[in-house]
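Quick note on the UniProt record's numbering: the sequence shown kicks off at 1 and runs consecutively.
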Amino acid sequence: MYAEIIINSEALEIDRLFTYKVPYELMENIGVGFRVNVPFGQRNKPIEGFVFSLLQEDSIKLDYKVKEILKLCDDEAMLTVEDIQVIQFLRRKYLCKYIDAVRLMIPVGIMKGSKNKKKKVIVINKEVKEDELKKESYINLYNFIINNNGIYTKSEIVNDKEFSLYCLNKLIEKEILKVEEQVVFRYNTRRYDNDYNKLLTDEQRECLDTILNEAKLKYLIKGVTGSGKTEIYIRLVEEMLNQGKSSIVLVPEISLTPQMIERFKGRFGEDVALFHSKLSDGERFDEWYRIKEGKAKLVIGARSALFLPLQNLGLIIIDEEHENTYKSEHNPKYHTREVSEFICELKGCKLILGSATPSVESYYKALKDEYTLIEMHKRVNGKKMPHMQIVDMREELKNKNLSLFSRQLLNELENTLRDKKQVILFLNRRGYSTFISCRSCGYVFKCPECDVSMTYHKNGYLICHYCGRAEKVSKVCPECNSKYVKFFGAGTERVELEVKKYFPNAKVLRMDVDTTRHKNAHESIYNSFKSGEADILIGTQMVSKGLDFKNVTLVGVLAADMSLNMPDYRAAERTYQIITQVAGRAGRGEDEGKVIVQSYTPHHYSLKYAKEEDYESLFREEINIRRLMGNPPFGKILLILGSSKYEEKLVKFMYTLEGNLKKLVLEDFTMLGPVPCIITKLKDNYRWQIIIKGNFDDEFSEKVKDTLYLLNKSVYNEVRVSIDINPNNMT
Ligand code: ADP
Ligand code: ZN
Ligand code: ZN
Numbered sequence: 001m002y003a004e005i006i007i008n009s010e011a012l013e014i015d016r017l018f019t020y021k022v023p024y025e026l027m028e029n030i031g032v033g034f035r036v037n038v039p040f041g042q043r044n045k046p047i048e049g050f051v052f053s054l055l056q057e058d059s060i061k062l063d064y065k066v067k068e069i070l071k072l073c074d075d076e077a078m079l080t081v082e083d084i085q086v087i088q089f090l091r092r093k094y095l096c097k098y099i100d101a102v103r104l105m106i107p108v109g110i111m112k113g114s115k116n117k118k119k120k121v122i123v124i125n126k127e128v129k130e131d132e133l134k135k136e137s138y139i140n141l142y143n144f145i146i147n148n149n150g151i152y153t154k155s156e157i158v159n160d161k162e163f164s165l166y167c168l169n170k171l172i173e174k175e176i177l178k179v180e181e182q183v184v185f186r187y188n189t190r191r192y193d194n195d196y197n198k199l200l201t202d203e204q205r206e207c208l209d210t211i212l213n214e215a216k217l218k219y220l221i222k223g224v225t226g227s228g229k230t231e232i233y234i235r236l237v238e239e240m241l242n243q244g245k246s247s248i249v250l251v252p253e254i255s256l257t258p259q260m261i262e263r264f265k266g267r268f269g270e271d272v273a274l275f276h277s278k279l280s281d282g283e284r285f286d287e288w289y290r291i292k293e294g295k296a297k298l299v300i301g302a303r304s305a306l307f308l309p310l311q312n313l314g315l316i317i318i319d320e321e322h323e324n325t326y327k328s329e330h331n332p333k334y335h336t337r338e339v340s341e342f343i344c345e346l347k348g349c350k351l352i353l354g355s356a357t358p359s360v361e362s363y364y365k366a367l368k369d370e371y372t373l374i375e376m377h378k379r380v381n382g383k384k385m386p387h388m389q390i391v392d393m394r395e396e397l398k399n400k401n402l403s404l405f406s407r408q409l410l411n412e413l414e415n416t417l418r419d420k421k422q423v424i425l426f427l428n429r430r431g432y433s434t435f436i437s438c439r440s441c442g443y444v445f446k447c448p449e450c451d452v453s454m455t456y457h458k459n460g461y462l463i464c465h466y467c468g469r470a471e472k473v474s475k476v477c478p479e480c481n482s483k484y485v486k487f488f489g490a491g492t493e494r495v496e497l498e499v500k501k502y503f504p505n506a507k508v509l510r511m512d513v514d515t516t517r518h519k520n521a522h523e524s525i526y527n528s529f530k531s532g533e534a535d536i537l538i539g540t541q542m543v544s545k546g547l548d549f550k551n552v553t554l555v556g557v558l559a560a561d562m563s564l565n566m567p568d569y570r571a572a573e574r575t576y577q578i579i580t581q582v583a584g585r586a587g588r589g590e591d592e593g594k595v596i597v598q599s600y601t602p603h604h605y606s607l608k609y610a611k612e613e614d615y616e617s618l619f620r621e622e623i624n625i626r627r628l629m630g631n632p633p634f635g636k637i638l639l640i641l642g643s644s645k646y647e648e649k650l651v652k653f654m655y656t657l658e659g660n661l662k663k664l665v666l667e668d669f670t671m672l673g674p675v676p677c678i679i680t681k682l683k684d685n686y687r688w689q690i691i692i693k694g695n696f697d698d699e700f701s702e703k704v705k706d707t708l709y710l711l712n713k714s715v716y717n718e719v720r721v722s723i724d725i726n727p728n729n730m731t
């Protein structure tokens, strides 16, 4: 018998399957997915690998002498046959290496060979009748162990539980009890308040029935914030547990969704596993084993939880499916939604996407019936969505108001603070990009070819990061001749200063990357705002998600333009999503909420539709532009990024690459670039990119990858390359 092996090594040349002979003594135990040791290279250094497939001797002809597998590393397989299929899918679709995909599925701790933490506990060895035990003290101890089988060590039983050591030893001697080494788990055992099942509303009931009764696998729940989607998720998971099936619940970022965890833990207790990037290697290891052994049948986690070894998977839920954290920015650069679809077809489990503002891609699929669309229009508590007002910042300028706050917002801030209510101020600044706009008329410098904002560079040029067009920055507005042409760039810190200037007595909290570096920072800011320790919460994207504060009645979006003018074809869609979401933070309690959105382009359709809660119109507008520009879902975008300490070499490399790629790129595809990236230099490395746009298949992208890597071989040490399909950001 032969085995095809994936070698556990980063090296690009090793990214293929290696054939090894299975020695006779391993034949009985080996299987697909086993971790093995194999001799590798000229010196036959032992190295780890994973069995990708097993082949019978007569099915292949080998014209070289194959080496033999040395040993199995574990007594069970680390990957299932289905995992191997997912690995193949990832490699083909996202152009990653085999080992990148394997590493998604097996936590570092296990790769590094860490061991379980174990302790010696007392367990029942054989069951006996009480009268066989005779003495009262034996019976008491025996009954205690029956109820706490395998939980306590000898010393815990004697010292903490105060049973006699003599009795314990006697029962062990009689082989009624025994000592056994067991794994101790290092997971979160914090207790949460019990949550209870609520009486479902008609909309919720209908939604649940549809999902449970229909044979179809994929569903999109489009439900306004507060329509009770989470409650539906909980019921679905419960139903799965009743059927003996497991579930994965994915959230955009686990630290931002404390309430979700609260509710699931409150309902399902310790059986909920948590999995996300902030776990330590040890915690990750334990959760992985707990799940693999079937001890936890429910996982809540960030995108990587999708790859956990749950048995008998019945359900995958992706909450806030439109969020961009579902796209991985490391190899494999997968999109969670796409992989979930693959897994759900592979395993026949259900996939539920939920959002108040679905991604254009998902809604498009729902309209084409690839997903079953379920809409929920009403908030559970019957409350209206908060009233939204869009403030024209150009008017403020005319009135000599140069502060970050419009008069309307200042007014509302004053009223809200006086009424002892809370405020969220939201600044949707992201990334490093800066665009130039006219504060008098709202004009934004855009690339006429690509319809995205051009980015300001310190050398005085505006550059389009799709096609490379460069223009000198003009000092006056081409539309209205005003001199208020400026680039945008306020941060949350400046907002905080200005708030303090106007409202010196208000207590302010700030939630952004700077204030949330350590592990539980989110939760502690969240808790202190919730308990009313502050009046105003200032934040970035982080404050837009999942937070449920009953006392917040005012939300201010300080500069809608910041996300509107991202150099990204999804800018309008994202603005709509962000504004809708952050608006949903207001008026969740008894009092009605108010939202003020400030903008220099107040008539932009994405603001208008957000105000009118008109997703359909937003979608129609967007889908037409996507079709026209050939952007997803009508075409793909393949981004090749090159970086190097040596600018000249990099530029030469990128142009040579362009030349080589030209032979591949068909007529109806477009190649844009090479151009410098938005972040032209990062950690001493220059960065350039090439974009290929078109309706191409996996085979084409594989050819691009091969061309790229072949050329890269010659300058491997000087130029680093990466490749990304439908990237999140134009880097
Ligand atoms: P969504 O996830 O759609 O934003 P949630 O599931 O979080 O909505 O529900 C919003 C609020 O309504 C939560 O506080 C939740 O506990 C409550 N809720 C949900 N369903 C019901 C119900 N059927 N009866 C009473 N309260 C409910
Ligand atoms: Zn102007
Ligand atoms: Zn352009």
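We treat Cβ as the ideally placed atom computed from N, Cα and C, and that holds for glycine.
Predicted model only: the values in this text are computed from it and were never measured.
Host beta strand (DSSP E) of residue i (start-end)
i	result
Gln408	Where Gln408 is concerned, there is no enclosing beta strand (DSSP E), although the alpha helix (DSSP H) it sits in stretches over Arg407 to Arg418.
Leu220	Lys218 to Gly223
Gly49	Lys45 to Leu55
His387	His387 to Asp392
Leu564	First-last for Leu564: Asp561 to Leu564, but that is the alpha helix (DSSP H), not the beta strand (DSSP E).
Cys677	Thr670 to Leu682
Asp514	Here Asp514 belongs to no beta strand (DSSP E), and DSSP marks it neither H nor E.
residue 741	Residue 741 cannot be examined here, being either before or after the span of the chain that is shown, 1 to 731.
Phe549	Note, Phe549: premise wrong, no beta strand (DSSP E); not H, not E.
Leu133	Premise fails: Leu133 lies in the alpha helix (DSSP H), Glu130 to Leu133, not in any beta strand (DSSP E).
Residue i burial status per 10 Å Cβ neighbour count (16 or more: buried)
i	result
residue 735	Beyond the ends of the chain as shown, which are 1 and 731, falls residue 735; an answer cannot be given.
Ser466	It should be pointed out that residue 466 corresponds to Tyr in this sequence rather than to Ser. Tyr466 is buried by the Cβ-count criterion.
Tyr24	exposed
Lys93	buried
Gly659	exposed
Gly354	buried
Val561	The amino acid at residue 561 is misidentified as Val; the sequence shows Asp. The residue is buried, with at least 16 neighbouring Cβ atoms inside 10 Å.
Asn197	exposed
Leu402	exposed
His377	exposed
His604	buried
Leu537	buried
Arg235	buried
Cys341	The sequence given here has Glu at residue 341, not Cys. Label assigned to Glu341: buried.
Residue i versus residue j - alpha carbon distance
i	j	result
Arg620	Glu361	12 Å
Arg290	Ile436	52 Å
Phe626	Asp614	Here residue 626 turns out to be Arg, not Phe, going by the sequence shown. Cα to Cα, Arg626 sits roughly 19 Å from Asp614.
Met105	Glu28	25 Å
Asp75	Val36	10 Å
Lys400	Arg494	19 Å
Lys472	Leu462	6 Å
Asn324	Asn143	53 Å
Thr210	Lys500	51 Å
Glu329	Val715	24 Å
Asn331	Ala101	8 Å
residue 759	Leu547	With the chain covering only 1 through 731, there is no way to say anything about residue 759.
Residue interval of the alpha helix (DSSP H) (run including residue i)
i	result
Lys265	Pro258 to Phe268
Leu90	Val81 to Tyr94
Asn624	Tyr615 to Met629
Arg290	Asp281 to Lys292
Short Cβ contact (7 Å threshold) for residue i with residue j
i	j	result
Ile678	Lys705	no
Lys347	Leu313	yes
Val719	Gly630	no
Lys636	Ile725	yes
Val123	Glu173	no
Thr512	Thr553	Here the sequence assigns Asp to residue 512, which means Thr is not the residue at that position. Cβ distance not < 7 Å, so Asp512 and Thr553 don't count as in contact.
Gly109	Arg379	no
Ile596	Val391	yes
Thr575	Gly442	no
Heavy atom of ligand 5 within 6 Å of residue i beta-carbon
i	result
Thr492	Ligand 5 is absent from the structure shown, which contains only ligand 1, ligand 2 and ligand 3.
Mind listing, in chain order, the residues whose beta carbon lies closer than 6 Å to a non-hydrogen atom of ligand 3?
Those satisfying the condition are, in chain order, Cys447, Glu449, Cys450, Cys464, Tyr466, Cys467 and Arg469.
Sequence-ordered residues whose beta carbon comes within less than 5 Å of a heavy atom of ligand 2
Screening all residues for a C-beta within a distance smaller than 5 Å of any heavy atom in ligand 2 leaves Cys438, Ser440, Cys441, Tyr443, Cys477, Glu479, Cys480 and Ser482, in chain order.
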